Structure formats: structure tokens, C-alpha cells
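Working notes, structure below.
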Amino acid sequence: MAQNKSQVNVSPVSAAAKSIVFLRPGRYASKTVVPHSQEFGIFSDQPCVLDAACACVIPYISIYNRYLGLSASQNGIIFGGLPFVAMLSKPLTGALADRSSFRPANLSRFFIVIQTIVLFAVYFVPRSELASFPAPSTCSISSCQTLLSQITATGNFSCNVKRGEVNWTVEYAHFVDLEQLKTLVDADGRNASCCCEKPQWEPNGTSQSGLYWTTQFWLTAVLLVVGFSAAGAVTTLIDTIAFALVEMSPFPTSYGSNRVFG
Numbered sequence: 168m169a170q171n172k173s174q175v176n177v178s179p180v181s182a183a184a185k186s187i188v189f190l191r192p193g194r195y196a197s198k199t200v201v202p203h204s205q206e207f208g209i210f211s212d213q214p215c216v217l218d219a220a221c222a223c224v225i226p227y228i229s230i231y232n233r234y235l236g237l238s239a240s241q242n243g244i245i246f247g248g249l250p251f252v253a254m255l256s257k258p259l260t261g262a263l264a265d266r267s268s269f270r271p272a273n274l275s276r277f278f279i280v281i282q283t284i285v286l287f288a289v290y291f292v293p294r295s296e297l298a299s300f301p302a303p304s305t306c307s308i309s310s311c312q313t314l315l316s317q318i319t320a321t322g323n324f325s326c327n328v329k330r331g332e333v334n335w336t337v338e339y340a341h342f343v344d345l346e347q348l349k350t351l352v353d354a355d356g357r358n359a360s361c362c363c364e365k366p367q368w369e370p371n372g373t374s375q376s377g378l379y380w381t382t383q384f385w386l387t388a389v390l391l392v393v394g395f396s397a398a399g400a401v402t403t404l405i406d407t408i409a410f411a412l413v414e415m416s417p418f419p420t421s422y423g424s425n426r427v428f429g
């Protein structure tokens, strides 16, 4: 006698939990469905925790670059090219996964470790000597000119010039020609004093070859290129695994809804 099989309504949450596939046995994933109370395959591995940890590091890299002595334009050069680097790494990683014997799950773990190590290594780049400048010095015209001659070569500078008995303070910023300041100070022939300092993170555009291509710039650029290349590879491999999970799931689902609603 045939028995009637009752239909059981499965909630979307439990269906999504039970449709998680164990990734280790097969190339992309095994067709063995594991219960949600058991191990969730790659999602429980430590490399994925490292990938999540990079989210705490990446937003502050540009701020730390300013501390290293890189200017805003140098940051723009580096971070402007990183999206294209990540974009180029995606097809290369896909070709590597298709032509090699490594499973995408193992490749994703490898690139996650590389991404984490390299991005954290940016915070160990030594600071540039040009990033720190001594406190402003109040001095006479002659000694002030000597000071300006020393700091002009390292970038722009600003000076507060006090002239006359009324203690009039005028700020002249971004002078790159010492004679300009000398003319302004000696305009009325009265005694004057100046307090000069070099603004940080403002390299002189007239000497870009000595300021832009510094050791800090190249070290940071190389590390970020490698790190974002690995990040692009991780995204591609995780998308590949996600598509495999969706195709092998016994429950009706879609990659888009899983990506949007978690």
C-alpha cells in the first residue's frame, strides 16, 4: 500500500542554511548537503576571518600615507590606479583557476592570506624624513633668510611677518622664491621679524622628481598593488564558489538574492 508523503513547507532561512555545501571534497563543491548545525565549509575557515579583518585596515591606509609623508596628489596617483589593478587581476585569476589543478577554495584561501599580510605590511613602511619639520623659528631678517634657504628646497613654506610698531601680522603662504619674501619684508625699510614653517604634506610642484618618487611612495604603491590584486582575485574566486553553490543547491534560490540579503 502506497503511503502518502506530506509536503513540508521549508522556510527560506532554513532552506538557505541547509543549502550550504561542503567545499573540500570536490573541485568547486561537493553535492553533499550538510545540515546547518554542522561545519559550513569555507565560511568557517580562518582565512575568511582575515578577509573580513582587512575591512578595518583599508579605509585608514590613505590617512596613514599622509603620516608617512605622501601628499594628497601622491595618494591620488596610487589609489586612482588600484581599481584598474584589481580589474586586471580578475580574469588572470579566473584563467589560473581554470587551467590549474588547484581548487578555487584553496586558491581563495591563499590569496586571502597574501592580501592580509601585504595590506598590514603597509603600516610598517618607515616614515619619510620630509614628513616631520622642526617647530617654527622666530628670527631676524638675515637669519630668517638663511632658514628659508634651507627649507625652500624641501617644499613650500609659510611665514608670519611682523612689521612696524603696531605689531601687524601678515601671513604670506606658499612662497617658492626667497626674493619675493625679501621684497615684502623690506618694503617699508622698518625692522621686521618673521616666523617661518614648512606646511606638512605640501611638496613643491617644481621639484616633483625628488619628492614624488620617494622610497615611501614606491614601497606603499607596490604593497597596495599586490594587496588589491589579491583582493580582486579573492572576489572572483568567492563569486565562482557562490555560483557553484547556487547551481548545486536542491532548493530554488538565486545568487542575486543571496548576495543582497545575505
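Under the numbering used here, the residue at position 73 of the sequence shown is numbered 240, and the numbers go up by one with no gaps. Note that CB positions come from ideal geometry on N, CA and C, so glycine has one too. This one's a predicted model, so the numbers in the text were calculated from it and none came from an experiment.
With a threshold of 7 Å on Cβ separation, who are the neighbours of residue i within its own chain once the five nearest residues in sequence on each side are excluded?
i	result
SER295	LEU235, GLY236, THR381 and GLN383
ILE245	THR387, ALA388 and LEU391
With 16 other CB atoms within 10 Å as the buried threshold, where does residue i fall?
i	result
ARG276	buried
VAL264	One point to set straight first is that residue 264 is Ala, not Val, in the sequence displayed. By the 10 Å Cβ count, ALA264 comes out buried.
ASN171	The predicted position of ASN171 is uncertain, since its pLDDT is 46 and thus under 50; no value can be drawn from it.
ILE228	buried
GLY243	exposed
HIS341	The pLDDT assigned to HIS341 is 44, lower than 50, so where the model puts this residue is not dependable, and the model offers no usable value.
ALA397	buried
SER238	buried
SER268	exposed
GLN241	buried
What separation, rounded to the nearest whole angstrom, lies between the Cα atoms of residue i and residue j?
i	j	result
ALA411	ILE405	10 Å
GLY247	PRO417	43 Å
PRO271	ALA409	11 Å
PHE291	TRP385	14 Å
THR260	THR403	7 Å
ASN273	THR407	13 Å
ALA262	PHE251	18 Å
Assuming residue i contacts residue j (C-beta within less than 8 Å), just tell me the rounded distance between them.
i	j	result
GLY389	ILE279	The sequence shown places Val at residue 389, rather than the Gly named in the question. Not really, about 19 Å apart at Cβ, beyond 8 Å.
Can you tell me which of the three DSSP states residue i falls into?
i	result
LEU380	A small fix is needed here, since residue 380 is Trp in this sequence, not Leu. DSSP places TRP380 in coil when its eight states are reduced to three.
PHE395	helix
LEU249	helix
ARG276	helix
LEU412	helix
GLY236	coil
PRO226	helix
Looking only at its chain, what residues have a beta carbon closer than 6 Å to the beta carbon of residue i, apart from the 5 residues adjacent to it on each side?
i	result
LEU286	CYS221, VAL224 and GLY394
ALA288	LEU390
ILE462	Absent from the model: residue 462. The displayed extent of the chain is 168 to 429, so no value can be given.
LYS257	GLY399 and THR403
What residues in its chain sit with their C-beta under 8 Å from that of residue i, if we drop five residues either side in the sequence?
i	result
MET254	GLY399
TYR231	VAL289 and TYR290
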